[in-house]
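Structure, as structure tokens:
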Amino acid sequence: MTPPTQDTPPAHNVHTEYETVFLHDHQVQKEDMQRLYENAKRDQWNAATAIQWQNPVDVEQGFVADELIDIYDSPYWHKMNAAEKQEMNRLFSAWRLSQLFHGEHAATLVCSQLTNVLPDADAKFFMSTQVMDEARHTEFFQRYLHGRVGLVYQQSPAGQELFDHILGDPRWYIKTIGLQLVGETFAVALFKMLAETAKDPLLREGCRLILRDESRHMGFGMLSLPQQVQQMSPKEREEIEDFTIHFLRNTLTGGFPKDAYLDMGFNNHEIDQIRQLRRDKAQSSDFILFRQLFKREMHHTLVNNLFKCGVLTPPIRHRLETELRIDVTTNLPGD
Ligand SMILES: [Fe+2]
Ligand SMILES: [Fe+2]
31 MTPPTQDTPP AHNVHTEYET VFLHDHQVQK EDMQRLYENA KRDQWNAATA IQWQNPVDVE
91 QGFVADELID IYDSPYWHKM NAAEKQEMNR LFSAWRLSQL FHGEHAATLV CSQLTNVLPD
151 ADAKFFMSTQ VMDEARHTEF FQRYLHGRVG LVYQQSPAGQ ELFDHILGDP RWYIKTIGLQ
211 LVGETFAVAL FKMLAETAKD PLLREGCRLI LRDESRHMGF GMLSLPQQVQ QMSPKEREEI
271 EDFTIHFLRN TLTGGFPKDA YLDMGFNNHE IDQIRQLRRD KAQSSDFILF RQLFKREMHH
331 TLVNNLFKCG VLTPPIRHRL ETELRIDVTT NLPGD
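Structure, rendered in structure tokens:
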């Protein structure tokens, strides 16, 4: 077994140009948004003190549930001894949680841009709180990966492409569709699953705390997008349809923890087989129960949120069903 070798570049730059809206009046205009801001101030927590960081890791238990690992219950898994299974759990968890860590950092950057480009005072105030929330989530994963897992992986190319696009686009509603509508709907379902199934109680607790913030963030998308989407021209609608499908596909299918399998000592041929195993598992009905629940919950929330924001037009509905195989009809409220 080779030791993990991660060469993490310190940073990359994204070129961005946008208009900063400097308001001369900060009167409350949207009561709902103001309420969300008040809730955010009330519900702040401290990632340094709210978590029992001093509690030791139980490596035998692992970090995330073994059942999340693609090779679980396959011949590869059965060939491993107990120590190898523990190491596989550590590497897989490091990769999965590293993607969340990079996503949280990207969210901090997107939200800080949004405080500039958003046109309303209430939205700017709320967004300032989301900058802090996302910084706190980044801190949680930074502490967790460094202090407990002992390894941070690079952001996957799919994740980087998604966030670089969101950061580079000047329009607030493209940033909000990308982050608060698509990204956070996925993140909320994932955090819920981890909060219930992770083996490390400290990871469960962190995900529970993060979830308290994430529901407000999804709420921002629900409050800000419908009016904007209603005013769009057919051409703009077409653009956001393409954008939404592209990012959904990227989010749903983008990440494969190749580096974790390489670090575990698998060769490229074996990794291709593992990739196929993953595809087969995703399509089979004997997907373990909590992964089925995750998928169901994610699709349900996604369809509902797209519907509420007015993005679920007939063309996008058709594309969700045919291209991404998301069952829109059974997930639609009152359909
Ligand atoms: Fe977050
Ligand atoms: Fe968030």
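Residue numbers (our numbering): 31 to 365. The C-beta atom is built at its ideal place from N, Cα and C for all residues, glycine as well.
Using three-state DSSP, classify residue i as helix, strand or coil.
{"i": "residue 64", "result": "helix"}
{"i": "residue 366", "result": "Past the edges of the chain, shown from 31 to 365, lies residue 366, and the structure says nothing about it."}
{"i": "residue 85", "result": "coil"}
{"i": "residue 134", "result": "helix"}
{"i": "residue 344", "result": "helix"}
{"i": "residue 262", "result": "coil"}
{"i": "residue 189", "result": "helix"}
{"i": "residue 331", "result": "helix"}
{"i": "residue 167", "result": "helix"}
{"i": "residue 196", "result": "helix"}
{"i": "residue 105", "result": "helix"}
{"i": "residue 174", "result": "helix"}
{"i": "residue 50", "result": "coil"}
{"i": "residue 360", "result": "helix"}
{"i": "residue 339", "result": "coil"}
{"i": "residue 41", "result": "coil"}
{"i": "residue 162", "result": "helix"}
{"i": "residue 126", "result": "helix"}
{"i": "residue 144", "result": "helix"}
{"i": "residue 111", "result": "coil"}
{"i": "residue 90", "result": "coil"}
{"i": "residue 69", "result": "helix"}
{"i": "residue 183", "result": "coil"}
{"i": "residue 31", "result": "For residue 31, the predicted model reports a pLDDT of 39, less than 50, meaning its position is unreliable and no value from the coordinates is stated."}
{"i": "residue 99", "result": "coil"}
{"i": "residue 152", "result": "helix"}
{"i": "residue 326", "result": "helix"}
{"i": "residue 201", "result": "coil"}
{"i": "residue 59", "result": "coil"}
{"i": "residue 313", "result": "helix"}
{"i": "residue 76", "result": "coil"}
Less than 8 Å separating the Cβ of residue i from some heavy atom of ligand 2?
{"i": "residue 169", "result": "no"}
{"i": "residue 143", "result": "no"}
{"i": "residue 160", "result": "yes"}
{"i": "residue 271", "result": "no"}
{"i": "residue 214", "result": "yes"}
Can residue i be considered in contact with ligand 1, in the sense that its beta carbon sits closer than 8 Å to one or more heavy atoms?
{"i": "residue 73", "result": "no"}
If you measure from the CB of residue i, is any heavy atom of ligand 3 nearer than 8 Å?
{"i": "residue 154", "result": "By its list of ligands, the structure shown excludes ligand 3, since it contains just ligand 1 and ligand 2."}
- Quick one, what's near ligand 1 if you take every residue whose CB is closer than 7 Å to any heavy atom, in chain order? 134, 137, 163, 164, 167, 217, 240, 243, 244, 247
- Query: Which runs of the alpha helix (DSSP H) fall wholly inside the segment 274-311 and span at least 4 residues, in chain order?
  - Reply: 288-293
- Uninterrupted alpha helix (DSSP H) stretches inside the segment 206-271 (no shorter than 4 residues): 214-227, 231-260
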